[in-house]
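Under our numbering, the sequence shown is numbered contiguously, ending at residue 571.
Even glycine gets a Cβ: it sits at the ideal position worked out from N, Cα and C.
Below you'll find the structure, written out as structure tokens, and then a few comments.
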Amino acid sequence: METNTKYRLTLVSAGIGLLLGVYAVVMILVKGHAGTTNTSSLSPWGLQIITYIYIVLIGTGCTFINFFGHIYREEEFKPVATRVSFLAILMVFAGLGALVTELGKPWRILNFALSPNVTSPMWGMFFFYNVYIVFIVLEYLSLRKGRVKPWIMWGAFLSAIATYITMGSIFAISEARPYYFGALTAVYTPIVAFLTGCALVMLAILLGKDANPRLQASLEPVRRLMLVALGLVLLTGLWRFIIGSWAMAEGYEVFAITAPRFLIVGVVFGILLPAVLAFTRKTSNLFLAAVTVLVTQFVSRYDFVLDGFLVPVFRGLSDPPFVHYTPALNEVLIAVAAASFVLFFYAIAEKKGALESTLSQEG
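In structure tokens:
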């Protein structure tokens with residue numbers, strides 16, 4: 209298929225996804241959040257929150273990859289650096305879009321700035337988000353010029369860590385929700401970001417290297433970073449699960465209930481299989497490893513958010529023994545729109561040459 213035909217098909221499919229998202233947002237604003245989603249008092253977080261967490265984690269991972277790539281393998285990593293930074297920007301805004309639509313009354317997000325509660329980790333996340341966005345935009349503009357100042361790279365890296373450790377702490381301090389509670393949860397969040405960022409960058413390299421052979425040089429550093437990330441996710445995820453399974457307090461039975469899914473999806477298919485594929489270095493296997501990581505981590509984020517509410521707190525006679533949730537159509541369309549947003553603007557940027565530094569274009 210010709211490049212122009214692929215480009216048009218990408219824009220059309222992504223454009224349809226964006227229009228479906230606009231329809232879902234209108235329905236939420238007209239009919240109200242309660243009438244258009246399947247969340248409830250027993251399961252207040254649904255697919256929109258899951259989409260937000262998943263997408264922004266990938267975006268943060270892109271920032272981590274840029275940082276480590278420039279420190280350890282700068283010359284090999286340069287060809288892909290600008291597009292990785294641009295992906296981080298797109299991911300953050302797509303994720304925030306999914307989050308804002310979940311609020312029901314999106315304008316209330318201004319309360320974070322107008323009436324701040326500085327002791328809240330959610331306010332801290334909001335603050336660090338703003339700092340992080342400034343730094344990744346500066347990083348992208350610097351990479352476009354081909355001259356990256358160290359303070360910008362460090363600022364993006366440190367603000368990314370602060371943002372997503374704070375986001376992880378929103379779950380980690382929820383003592384009433386055993387599946388979330390614990391210091392490992394806050395550390396686990398940026399490590400998962402590192403892994404998913406590796407997977408997306410690897411996919412971007414493999415899909416773009418035919419049109420831009422210079423990207424091939426960046427594949428090996430990203431492959432090695434992915435193997436490191438897989439090991440870190442296995443270590444923190446498995447120990448978090450072991451500690452939760454050992455606890456005997458009320459509510460911790462959720463770890464035993466979710467054990468088969470965690471071990472099969474999260475460990476076997478989510479970590480061990482991609483690690484084996486990545487060790488082989490074959491292009492087809494690396495592509496499959498990246499796709500496997502992205503798919504299994506979405507399933508894992510889905511399970512993580514929903515399993516926290518699986519066992520009701522302070523169960524009454526009218527409460528079910530376990531809480532079940534199925535996304536509504538509008539929630540699915542929001543998720544589709546978030547992915548379409550990234551695809552649409554990434555395709556345009558690649559077509560217009562905005563994913564290359566001006567120095568490489570001149571060269």
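Under 6 Å Cβ to Cβ from residue i, same chain only, skipping five residues before and after it: list those, please.
i           : result
residue 222 : 548, 551 and 552
residue 442 : 479
residue 571 : Caution is warranted here: a pLDDT of 39 is assigned to residue 571, below 50, making its placement in the model unreliable, and no coordinate value can be reported.
residue 417 : 423 and 424
residue 572 : Examination of residue 572 is not possible in this model, given that the chain is present from 209 through 571 alone.
residue 435 : 486
residue 393 : 376, 379 and 380
residue 269 : 401, 402, 404 and 405
residue 477 : 504
residue 370 : 336
residue 248 : none
residue 474 : 508
residue 232 : 538, 541 and 542
residue 407 : 498, 501 and 502
Assuming residue i and residue j make a contact with CB atoms under 8 Å, what is their CB distance in whole Å?
i           : j           : result
residue 345 : residue 266 : No, residue 345 and residue 266 are not in contact; Cβ-Cβ is about 18 Å, not under 8 Å.
residue 403 : residue 501 : 6 Å
residue 533 : residue 246 : 6 Å
residue 367 : residue 343 : 5 Å
residue 452 : residue 398 : Contact doesn't hold; Cβ gap of about 20 Å is too wide.
residue 347 : residue 293 : 5 Å
residue 514 : residue 251 : 7 Å
residue 259 : residue 306 : 4 Å
residue 372 : residue 445 : Actually they do not touch by this definition, with Cβ atoms about 16 Å apart.
residue 419 : residue 291 : Residue 419 to residue 291, Cβ: 12 Å. No contact.
residue 271 : residue 365 : 6 Å
residue 236 : residue 493 : In fact, because the Cβ distance is near 41 Å, the residues do not count as touching under 8 Å.
residue 254 : residue 535 : 6 Å
residue 431 : residue 489 : 7 Å
Can you tell me the Cα-Cα spacing of residue i and residue j, whole angstroms?
i           : j           : result
residue 285 : residue 542 : 33 Å
residue 241 : residue 546 : 18 Å
residue 215 : residue 555 : 7 Å
residue 273 : residue 562 : 19 Å
residue 428 : residue 380 : 35 Å
residue 329 : residue 336 : 10 Å
residue 384 : residue 508 : 21 Å
residue 449 : residue 438 : 16 Å
residue 496 : residue 544 : 22 Å
residue 440 : residue 471 : 16 Å
residue 295 : residue 405 : 10 Å
residue 557 : residue 218 : 13 Å
residue 469 : residue 341 : 35 Å
residue 362 : residue 220 : 38 Å
residue 568 : residue 506 : For residue 568, the predicted model reports a pLDDT of 45, less than 50, meaning its position is unreliable; a value from the coordinates is still stated below. Roughly 35 Å separates the two Cα atoms.
residue 457 : residue 447 : 18 Å
residue 331 : residue 261 : 16 Å
residue 498 : residue 319 : 39 Å
residue 414 : residue 521 : 46 Å
residue 512 : residue 466 : 10 Å
Which of helix, strand or coil does DSSP assign to residue i?
i           : result
residue 357 : coil
residue 381 : coil
residue 212 : helix
residue 247 : coil
residue 531 : coil
residue 456 : coil
residue 338 : helix
residue 389 : coil
residue 371 : helix
residue 422 : helix
residue 517 : coil
residue 254 : coil
residue 240 : coil
residue 325 : coil
residue 286 : helix
residue 442 : helix
residue 225 : helix
residue 536 : coil
residue 509 : helix
residue 466 : coil
In chain order, what residues of the same chain lie with their CB nearer than 7 Å to the CB of residue i, ignoring the 5 residues before and after it?
i           : result
residue 481 : 500
residue 572 : With the chain covering 209 to 571 only, the question about residue 572 has no answer from this structure.
residue 464 : 453
residue 564 : 290
residue 317 : 308 and 311
residue 228 : 541, 544 and 545
residue 339 : 367
residue 483 : 435 and 438
Whose C-beta lies closer than 8 Å to the C-beta of residue i among residues of the same chain, with five residues either side of it excluded?
i           : result
residue 559 : 215
residue 280 : 429
residue 359 : none
residue 304 : 260, 264 and 337
Is the closest heavy atom of the ligand SAM to the C-beta of residue i under 7 Å?
i           : result
residue 492 : The ligand SAM is absent from the structure shown, which contains no ligands of any kind.
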